[in-house]
Amino acid sequence: MAIFRAEIEIIGINPYVLLPAEILQALLEKAGKHKGKIPIKGQVNGLPYQQTLVKYAGEWRLYINMAMLKDSPRRIGEEIEISIEYDTSDRSIPMHPALQAALEGDVAALEKFESLSPSRRVEIIRYISRLKTEESVERNVARAIRFLKGEGRFVGRDI
Numbered sequence: 096m097a098i099f100r101a102e103i104e105i106i107g108i109n110p111y112v113l114l115p116a117e118i119l120q121a122l123l124e125k126a127g128k129h130k131g132k133i134p135i136k137g138q139v140n141g142l143p144y145q146q147t148l149v150k151y152a153g154e155w156r157l158y159i160n161m162a163m164l165k166d167s168p169r170r171i172g173e174e175i176e177i178s179i180e181y182d183t184s185d186r187s188i189p190m191h192p193a194l195q196a197a198l199e200g201d202v203a204a205l206e207k208f209e210s211l212s213p214s215r216r217v218e219i220i221r222y223i224s225r226l227k228t229e230e231s232v233e234r235n236v237a238r239a240i241r242f243l244k245g246e247g248r249f250v251g252r253d254i
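Residue numbers (our numbering): 96 to 254.
Next comes the structure, spelled out in structure tokens:
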């Protein structure tokens, strides 16, 4: 695990820090890639986080969100202590059984679901898995199936 101090910067509305070159290089080597998303974990000011390192506008950035650091958008210019390491944990989200059953019961919806990009499939799975009540799950699974059949919008999107 590497530890460093960095000043919070902002791009658009997103607070972030840049990693020291040697730490970034070690993470990229550990991940075995130099593009795409790099799963990481560590601590910000002693509090644990799990995040993704992303390259944007030519630079790898560690975005500092509110879950990682309270009031992060108002802390621009503040220096924070960060520990960071490559995260090998499984980040997959299991499909809710109600969504699985609905897809298995509708061939057209299942075919469309399987033709979606991986990120779009994860978006649907994540949305339904985070719902709190069975009523919400039932209602949104039905909406998702209609969406996959070209009937309406879901999670703010059209097919």
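Note that CB positions come from ideal geometry on N, CA and C, so glycine has one too.
Keep in mind that this is a model prediction, so the values were computed, not measured.
Query                                                                                                        : Result
Which of helix, strand or coil DSSP assigns to Lys207                                                        : helix
Start-to-end residues for the beta strand (DSSP E) that takes in Arg156                                      : Glu154 to Tyr158
Segment contact, 8 Å Cβ cut-off, at least three pairs: the region 228–246 with the region 183–199            : yes
Nearest to Ala101 (by Cα), restricted to the options Gly107, Ile108, Asn109 and Pro115                       : Pro115
Contact belief for Ile106 with Ala152 at Cβ below 8 Å, rounded distance in angstroms                         : 7 Å
DSSP beta-bridge partners of Glu102                                                                          : Glu174
Outcome for Ser75 when other beta-carbon atoms lying within 10 angstroms are tallied against a minimum of 16 : Summary: the structure shown does not reach residue 75, with the chain confined to residues 96 through 254, and so no result is reported for it.
Asn140: first and last residue of the uninterrupted beta strand (DSSP E) it sits in                          : Element bounds for Asn140: n/a, residue is neither H nor E.
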